[in-house]
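Chains as they are written, first to last, in the numbering used here: chain B, 1 to 239; chain U, 240 to 531. This report concerns only the one structure given below.
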Amino acid sequence: MSSPATLEVREVSAGYGAVPVLRGVTITAQAGTITAVLGANGAGKTTLLRVIDGSLKPSQGQIWLDGANLAGRRPEDVSRAGVAHVPEGQGVITELTVAENLQLGLLLRPRSERAAALADIYNRFSVLADRRFKAAGTLSGGERQMLVIARALATNPRVLLLDEPSLGLAPKIVLDVLDLIGRLKAETGLTIILVEQNARSALAIADLGVVLNLGGVVATAPAGQLAADEALRRHYLGF
Amino acid sequence: MVEFLEFTLQGISAGLIYAAIALSLVLIWRGTRVLNYSQGAMAMLTSFVALEIEYRTGNYWFAFVGALLSGLVVGGVTERLVTRQVTNKPPLNAVIVTIGLLIGIEGLAGVLFGGNNRSFPTPFSPNGLSIGSVALGITRNDIFIAVAVLIAAGLLAVVFQYTSIGLQLRATAFNTPVARLLGVRVGGMLTLGWALAGLLGALAGMLVSPSTLLSPNSMDTIFVLGFTAAVIGGLESPGGAIVGGLILGIVLSYAGGYLGSEVVNLFGLAALLLVLMLRPTGLFSSAPARRV
C-alpha cells in the first residue's frame, strides 16, 4: 500500500452554475486517519468529494495532497495522484465481471505488482474471490459495496474518499461495511474521508468529525468530542 | 436448391459488409451515445484515398492498408475536433453535427475526386466459383469479404475482451464517470473508439465499392442498410451487429433473387420497421430495467 498522505482542503468554494453549494470550506484530513464529514441532505458533502476528486472545479480555493495542489486537475489525474473515490450509489460497472472491475482498478499499478495485489484483495475480500467471474450486476448491495471499496484499494491510493457507503444497505451490512473501513485504517494506515448520513456510526470509527451546514463548516472536532456534544448533534446531525 | 444456396451465400457476403458498418455504428454509440450519420461518408472518403493509392502504386494491398490507416485517422480526428464539442450537449446537437459532417465530406469528395462513378479494383477474381459443374454463385472476392470482416470482428472482440485497452474502452462505454475516477484516460479512449470505427467503415468501403462503383454518394445506401443491421441486432450489441447484418443480407438477397431487385430497399425498410415495432432495443440488447 502507498504511504498515507495528508489532504488539505483550503477555503474551497464551488457550485453548479449560478448555485453556490460550498462556501470557503477548510478541512485537513491527517495522514492515516478517518475524517467523517457529516451534515444533512444538501449540506454539500458530496459536492466536497466531487471537488476533491476533480469532477467539479472549485470557483476558489486549493486542494493540497502532500505538497501538490490538485484543484482544477481532471479526475483521471487526481486518481493517478493517489486519491480514490468510491462515489455514492457505489459505481459498480455492472456489465463487467467482478474480476474485470478489480482489474480496472489495478491498471494504475505497475504490471509486476498486479497479480500480488489481486491475490491480496481476494484474501481480504473472500466473497469477491468466490464470485470473481460473475457479472458485477448480479451481486447483492453489500457485495457491491465490498467490490467498489476493493476496486478503490486496487488503485493503491494514498487517500480514500467514501461517499455514503452505507446507503441502501441492510443494518447488519452497514455494520460490516463500517467495520471494514475501521479495519482498513488500522491495517493499512490509509487516510480516509468518510461522508455519511449515519452520523452516529461514522463518529464511532472516525478520528475527526467535520459538520457541514448549507455549504459551510459549522464544527470541526475530534470525533469523540462531537459525539458527546448533545446540542450540536441534535441541531445538525439529528440524534 | 442451387438458386437457394446461391442467394444464401450472396446474402452472407453482402450481410457481412452491412455488419462492418453496423459494428462501426455500435462502437461509437456504445462509447459516446452518438449515432454517426457520417459513417458511410467517412467510408467513402477512405475508399477514394485507397483508389488514389492504387492508381499511383498499381498495388491493391498498399491501397487496402492505406484505406484502413486513413480510416483510423479520419475517425480519430473527427472525434477530437468535431464530435467532442457536442458530447454532454443535447442529443440533437450531435445529430445535426454528424449530418453536417456527412454533407461536408460528400461535398469535399466531390470537389477533390469529382462526382462521376469510378470503378474500383478487386484483389481477387470476380469469376464465380463452382464445385464440379455446379455454380455456387459466389466469387473468390465474396470469400475475401467474409474472411476480412470476420477477421476484423474477431480481432476487435479479442482486443475488447482480453486486453487492458479493451477493458478501458468497455469501462468508458459502460460508465464514463467511474472510468475517470479509476484513472482511465477517457478522452483517449473515445478517440480510439472512433478511430476503430473509422477503420471498420474503411474496411466496409473497400469491400463494397467494387460492386457499387465509387462516387461521393455511393455509400449512402450502404450506410442505411448498415444502420438497419445495427438496429436489428441492437445498438448496444457488437455480436448483434454481426448477426443483424447477416440476417439483413440474407433476407435482402432472397427478396432480390426471388422477387426482383426493385423490392430490395422495400424489404430493408420493412425489416427496420418490424424490429422497431416488435423489439425496438434490437434482437440482442436487453430491455432497460425499471424500478417498481
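We put the CB at the ideal spot given by N, CA and C, even for glycine. What you are looking at is a predicted structure, and each value in this text was computed from that prediction instead of being measured.
(request) Using the DSSP secondary-structure output, state which residues sit across from Thr467 (chain U) in a beta bridge. (result) Here residue 467 (chain U) refers to the residue found at position 228 of the second sequence. BP columns for Thr467 (chain U) are empty, so no partner.
(request) Keeping to the same chain, check which residues put their C-beta closer than 7 Å to that of Ser3 (chain B); ignore five residues upstream and five downstream. (result) Taking the first residue of the first sequence as position 1, residue 3 (chain B) is located at position 3. So the list reads Arg158, once near-sequence residues are dropped.
(request) Helix, strand or coil for Tyr276 (chain U), going by three-state DSSP, please let me know. (result) Within the second sequence, numbered from 1, the residue matching residue 276 (chain U) stands at position 37. In this structure, Tyr276 (chain U) counts as coil in the three-state DSSP scheme.
(message) I need the DSSP call for Asp120 (chain B), collapsed to helix, strand or coil.
(response) For the purposes of this step, residue 120 (chain B) is taken as residue 120 along the first sequence, with counting starting at 1. Asp120 (chain B): helix per DSSP, three-state reduction.
(request) Say whether the segment 305-312 of chain U touches the segment 279-293 of chain U, bearing in mind that this needs 3 or more beta-carbon pairs closer than 8 Å, one atom from each stretch. (result) At 8 Å Cβ cutoff, the stretches touch.
(message) Tell me which residues of the segment 90-121 of chain B have at least one Cβ-Cβ distance to chain U shorter than 7 Å, keeping chain order.
(response) Under the 7 Å Cβ criterion, the segment 90-121 of chain B contributes Gly91, Ile93, Glu95, Leu96, Glu100, Gln103, Leu104, Gly105, Leu107 and Leu108.
(request) Note the first and the last residue of the continuous beta strand (DSSP E) segment covering Ser13 (chain B). (result) Position 13 of the first sequence, counted from the first residue, corresponds to residue 13 (chain B). Element bounds for Ser13 (chain B): Leu7 to Tyr16.
(request) Would you please state the rounded distance, in angstroms, between the beta carbons of Gly91 (chain B) and Val148 (chain B)? I believe it to be under 8 Å. (result) As a first step, residue 91 (chain B) must be located in the first sequence, where it is residue number 91. As a first step, residue 148 (chain B) must be located in the first sequence, where it is residue number 148. Right, the Cβ-Cβ distance comes to about 6 Å (below 8 Å), so this counts as a contact.
(message) Buried or exposed for Ala116 (chain B), going by 16 or more other Cβ atoms inside 10 Å?
(response) Within the first sequence, numbered from 1, the residue matching residue 116 (chain B) stands at position 116. Exposed: under 16 other Cβ atoms inside 10 Å.
(message) Using CA atoms only, rank isn't needed, just tell me which of U:Pro329, U:Gly437 and U:Ala469 is closest to Gly254 (chain U).
(response) Taking the second sequence and counting its residues from 1, one reaches residue 254 (chain U) at position 15. The shortest Cα separation from Gly254 (chain U) among U:Pro329, U:Gly437 and U:Ala469 belongs to U:Ala469.
(message) For chain B, check one thing: does any of its Cβ atoms lie closer than 7 Å to the Cβ of Val417 (chain U)?
(response) For the purposes of this step, residue 417 (chain U) is identified with residue 178 of the second sequence, where counting begins at 1. Yes, Val417 (chain U) counts as interfacial toward chain B.
(request) Grab me the residues of Pro20 (chain B)'s own chain with a C-beta within less than 6 Å of its C-beta, minus the 5 sequence neighbours each way, in chain order. (result) For the purposes of this step, residue 20 (chain B) is taken as the residue at position 20 of the first sequence. Here Pro20 (chain B) has no same chain residue with a Cβ atom under 6 Å from its own Cβ, once five neighbours each way along the sequence are excluded.
(message) For the beta strand (DSSP E) containing Pro416 (chain U), name the first residue and the last one.
(response) Working through the second sequence from its first residue, we reach residue 416 (chain U) at position 177. Judged by DSSP secondary structure, Pro416 (chain U) falls outside any beta strand (DSSP E) and instead within the alpha helix (DSSP H) spanning Thr415 to Leu420.
(message) What does the alpha-carbon distance come out to for the pair Leu508 (chain U) and Ser277 (chain U)?
(response) Within the second sequence, residue 508 (chain U) is the residue found at index 269, counting from 1. Within the second sequence, residue 277 (chain U) is the residue found at index 38, counting from 1. In a straight line, the C-alpha of Leu508 (chain U) is about 20 Å away from that of Ser277 (chain U).
(request) Closer than 9 Å by beta-carbon distance: list the chain U residues that pair up with Glu76 (chain B), in chain order. (result) Counting from 1 along the first sequence, the entry for residue 76 (chain B) is found at position 76. Going along chain U in sequence order, the residues near Glu76 (chain B) (Cβ under 9 Å) are Ala418, Arg419, Leu420, Leu421, Gly422, Val423, Arg424, Val425 and Gly426.
(message) Just to confirm my understanding: we take Leu214 (chain B), look at its own chain, exclude 5 residues before and 5 after, and list those with CB closer than 7 Å. What are they?
(response) Locating residue 214 (chain B) in the first sequence gives position 214, counting from the first residue. Within its own chain, the residues whose Cβ lies closer than 7 Å to the Cβ of Leu214 (chain B), once the five positions on either side in sequence are excluded, are Ala43, listed in chain order.
(request) Within its chain, find whatever has a CB closer than 6 Å to the CB of Asn198 (chain B); leave out the 5 residues flanking it on each side and keep chain order. (result) The count along the first sequence starts at 1 and reaches residue 198 (chain B) at position 198. Excluding residues within five positions, the ones whose Cβ falls inside 6 Å are Ser166.
(message) According to DSSP, simplified to helix, strand and coil, what is Val531 (chain U)?
(response) Here residue 531 (chain U) is taken as the residue at index 292 of the second sequence, counted from 1. Confidence at Val531 (chain U) is low in this model, with a pLDDT of 47, below 50, so its placement is unreliable and no value can be given for it.
(message) I need the DSSP call for Leu368 (chain U), collapsed to helix, strand or coil.
(response) If you number the second sequence from 1, residue 368 (chain U) lands on position 129. The answer is strand: DSSP assigns Leu368 (chain U) an E or B state.
(request) Could you name the residues that DSSP lists as bridge partners for Thr193 (chain B)? (result) Against the first sequence, residue 193 (chain B) aligns to sequence position 193. First, the amino acid is wrong: residue 193 (chain B) is Ile here, not Thr. In DSSP, Ile193 (chain B) forms a bridge with B:Thr35 and B:Leu161.
(request) Could you name the residues of the same chain whose beta carbon sits closer than 8 Å to that of Arg10 (chain B), not counting the 5 residues immediately before and after it, in chain order? (result) One-based indexing of the first sequence puts residue 10 (chain B) at position 10. Beyond the five residues adjoining it in sequence on each side, Arg10 (chain B) comes within less than 8 Å, by CB distance, of Thr26, Gly61, Gln62, Ile63 and Trp64 in the same chain, given in chain order.
(message) So Leu429 (chain U) and Ala258 (chain U) are supposed to be a Cβ contact under 8 Å. How far apart are they, rounded?
(response) Taking the first residue of the second sequence as 1, we reach residue 429 (chain U) at position 190. Taking the first residue of the second sequence as 1, we reach residue 258 (chain U) at position 19. Contact between Leu429 (chain U) and Ala258 (chain U) fails: their C-beta atoms lie close to 23 Å from each other, not under 8 Å.
(message) Between which residues of its own chain and Asn355 (chain U) is the CB-CB distance below 7 Å, once the five residues before and five after are set aside?
(response) Taking the first residue of the second sequence as 1, we reach residue 355 (chain U) at position 116. Excluding sequence neighbours, Asn355 (chain U) sits near Ser454.
(message) Quick check: the Cα distance between Phe383 (chain U) and Thr155 (chain B), rounded to an integer number of angstroms?
(response) Counted from its first residue, the second sequence places residue 383 (chain U) at position 144. Counted from its first residue, the first sequence places residue 155 (chain B) at position 155. When rounded, the separation of the alpha-carbon atoms in Phe383 (chain U) and Thr155 (chain B) is 45 Å.
(request) Indicate whether at least one CB of chain B lies closer than 7 Å to the CB of Phe413 (chain U). (result) To locate residue 413 (chain U), count along the second sequence from 1; it is residue 174. Answer yes: the Cβ-Cβ gap between Phe413 (chain U) and chain B drops below 7 Å somewhere.
(message) Along the chain, where does the beta strand (DSSP E) containing Val177 (chain B) start, and where does it finish?
(response) Here residue 177 (chain B) refers to the residue found at position 177 when the first sequence is read from its first residue. Counting along the chain, Val177 (chain B) sits inside no beta strand (DSSP E); it lies in the alpha helix (DSSP H) bounded by residues Pro171 to Thr188.
(message) Can you confirm whether Ser403 (chain U), when its beta carbon is compared against all beta carbons of chain B, has any partner nearer than 7 Å?
(response) Sequence index remark: in the second sequence, residue 403 (chain U) carries index 164 (1-based). Against chain B, the CB of Ser403 (chain U) has a partner CB under 7 Å away; the residue lies at that interface.
(message) Judging by CA-CA distance, which residue of U:Gln249, U:Val241, U:Met240 and U:Gly422 is the nearest neighbour of Ile489 (chain U)?
(response) Counting from 1 along the second sequence, the entry for residue 489 (chain U) is found at position 250. That would be U:Gln249, whose Cα lies nearest to the Cα of Ile489 (chain U).
(request) Identify the contact partners of Pro87 (chain B) in chain U, using a Cβ-Cβ distance below 8 Å as the criterion. (result) In the first sequence, the residue the question calls residue 87 (chain B) occupies position 87. Under a criterion of Cβ atoms nearer than 8 Å, the residues of chain U adjacent to Pro87 (chain B) are, in order, Pro416, Val417 and Leu420.
(message) Give me the chain B residues within the contact set of Leu406 (chain U), using Cβ-Cβ distance strictly less than 7 Å, ordered along the chain.
(response) Within the second sequence, numbered from 1, the residue matching residue 406 (chain U) stands at position 167. Ordered by position in chain B, the residues that pass the 7 Å Cβ test against Leu406 (chain U) are Glu100, Gln103 and Leu104.
(message) Below 7 Å on C-beta distance, what does Thr155 (chain B) contact in chain U?
(response) As a working note, residue 155 (chain B) is residue 155 in the first sequence. What Thr155 (chain B) touches in chain U: Leu421 and Gly422.
(request) Enumerate in chain order the residues of its own chain whose CB-to-CB distance from Arg23 (chain B) is below 6 Å, with the five nearest sequence positions on each side excluded. (result) Your numbering for residue 23 (chain B) matches position 23 in the first sequence. If we look at Arg23 (chain B) and ignore the five residues flanking it on each side, its Cβ neighbours are Ser13, Gly215 and Gly216.
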